[in-house]
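In the numbering used here, the protein residues as written are 13 to 224.
Just so it is clear, CB atoms sit at the ideal spot from N, CA and C, and this is done for glycine as well.
First up is the structure itself, then whatever we jot down about it.
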């Protein structure tokens with residue numbers, strides 16, 4: 013049957029098909045672009061959520077590690093160094109009275125050695141392990157690494173190599189007792205700075221909103 017468009021019918025139909033195909037392609041591209049943008053936004057939200065979850069997990073581990081340090085330092089190490097202070101000061105007093113009571117000097121020396129070996133060294137070892145774990149988790153966080161290094165240094169401030177070859181007198185023991193007091197105060201200060209630094213980081217991180 014002849015086309016109502018006459019001889020131009022096939023041409024018109026062909027052009028119409030091309031136009032329809034082009035319009036369909038444009039529509040498809042627009043939908044593809046929208047789908048791509050949606051996928052990109054979904055990926056960004058997923059990536060942000062992943063970073064948020066990693067930050068939250070790291071903070072949880074840091075809290076646990078910091079609590080372990082506080083427990084080791086504030087309870088075990090502080091108790092041990094106070095006992096060592098007392099025992100060292102008692103040795104100084106016993107040395108001054110050794111001519112009157114040799115057994116008192118022997119008991120004081122034994123108490124000091126016990127405080128050193130059975131309390132101070134285990135407490136220092138426990139604190140060292142806790143600090144090493146916290147140092148591993150805090151790697152790259154300079155706000156924590158600075159007070160952490162200071163605390164580590166403070167814990168080992170009293171150099172045992174300073175013990176003289178000859179039996180020390182009461183003045184030496186009194187001086188060492190004073191050094192232990194200074195070390196305890198310095199350690200307390202460093203531990204407080206570490207806690208405050210961690211609290212500032214917690215506050216900063218808590219202001220980051222959970223991605224929707």
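Exercise. Within the same chain, show all residues whose beta-carbon is closer than 6 Å to that of residue 120, passing over the 5 residues directly before and after it, in chain order.
Key: Spatial neighbours of residue 120 in its own chain (CB-CB distance under 6 Å, excluding positions within 5 residues in sequence) are listed in chain order as 102, 103 and 106.
Quiz prompt | Contacts around residue 157, its chain only, beta-carbon distance under 8 Å, and the 5 residues preceding and following it disregarded | solution = Contacts found: 147, 150 and 151.
Practice problem: Using 10 angstroms around the beta-carbon of residue 168, count the other beta-carbons present and answer buried if the total reaches 16, otherwise exposed. | Solution: Label assigned to residue 168: exposed.
Quiz prompt | Burial state of residue 118 (16 or more Cβ within 10 Å) | solution = Result: exposed.
Quiz item: So which of 166, 55, 184 and 183 has the shortest CA-CA distance to residue 93?
Solution: Considering only alpha carbons, the answer is 166.
Exercise. Report yes or no: do the stretch 194-213 and the stretch 79-86 share at least 3 C-beta pairs separated by less than 8 Å?
Key: Contact between the stretch 194-213 and the stretch 79-86 is present: 3 or more CB-CB pairs across the two stretches fall below 8 Å.
Self-check item: Residue environment, residue 143, which counts as buried when at least 16 other CB atoms sit within 10 Å
Solution: Counting the other CB atoms within 10 Å of its CB gives residue 143 a total of 16 or more, which places it among the buried residues.
Quiz item: Enumerated in chain order, which unbroken segments of the alpha helix (DSSP H) with a length of 4 residues or greater are wholly contained in the stretch 46-114?
Solution: 90-108, all fully within the stretch 46-114.
Quiz item: From which residue to which residue does the alpha helix (DSSP H) around residue 135 run?
Solution: Residue 135 -> alpha helix (DSSP H) spans 133-149.
Quiz item: Who are the near neighbours of residue 132 in its chain, counting only those whose CB is closer than 7 Å to its CB and skipping five residues on each side?
Solution: Only 92, 93 and 96 meet the Cβ criterion.
Quiz item: Grouping DSSP H, G and I as helix and E and B as strand, with all else coil, what is residue 168?
Solution: Here DSSP, grouped into helix, strand and coil, assigns residue 168 to coil.
Exercise. Throw me the rounded Cβ distance for the residue 74 and residue 210 pair, which I believe falls under 8 Å.
Key: Yes, residue 74 and residue 210 are in contact; Cβ-Cβ is about 7 Å, under 8 Å.
Quiz item: Cα separation between residue 193 and residue 54?
Solution: Looking at the two C-alpha atoms, the distance is approximately 58 Å.
Quiz item: Is DSSP giving residue 159 helix, strand or coil here?
Solution: Per DSSP, reduced to three states, the secondary structure at residue 159 is helical.
Quiz item: residue 196 to residue 182, Cα distance in whole Å?
Solution: The straight-line gap from Cα to Cα measures roughly 21 Å.
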